[in-house]
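**Student:**
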Amino acid sequence: IWDGTFVFLMENNSGEPITISAENVSVNGFMEDVSLWSELRDGTRLIDGMYLLDLSDLGLESIEDVENIELNFRIIHSDTWEEIVTTDAISLSFE
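The sequence shown lines up with residues 1188 to 1282 when you count with our numbering.
#1: What's the C-alpha gap between F1195 and E1248?
#2: Please list the terminal residues of the continuous beta strand (DSSP E) segment that includes A1209.
#3: Could you tell me the distance, in whole angstroms, from the CA atom of L1233 to the CA atom of N1199?
#4: Here's the rule I'm using: 16 or more other beta-carbon atoms within 10 Å means buried, otherwise exposed. How should A1276 be labelled?
#5: Please classify E1219: does DSSP put it in a helix, a strand, or coil?
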């Protein structure tokens, strides 16, 4: 977590170019618009961030007030735009 941004290390070993986005994101139980759209060629790694667009809309004073996040990652083929997979819900908890 850094300045309203949750940082992820992503790696693509699929043999295809992919794009990863975050969907259905909830923060402390409230749905939130986020920015995460990451393109990875095969055999590459990327450090990218999911930025929470407005903490005040969630009633949070700072990123340190985030207790949990739930989201899905959607992975599509970067050239054809065909969906490869949307993950089951992933829950992250912070203490």
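Ideal Cβ placement from N, Cα and C applies to all residues, glycine included.
**Tutor:** In short, the structure shows the following:
#1: 23 angstroms
#2: I1205 to V1214
#3: 9 angstroms
#4: exposed
#5: coil
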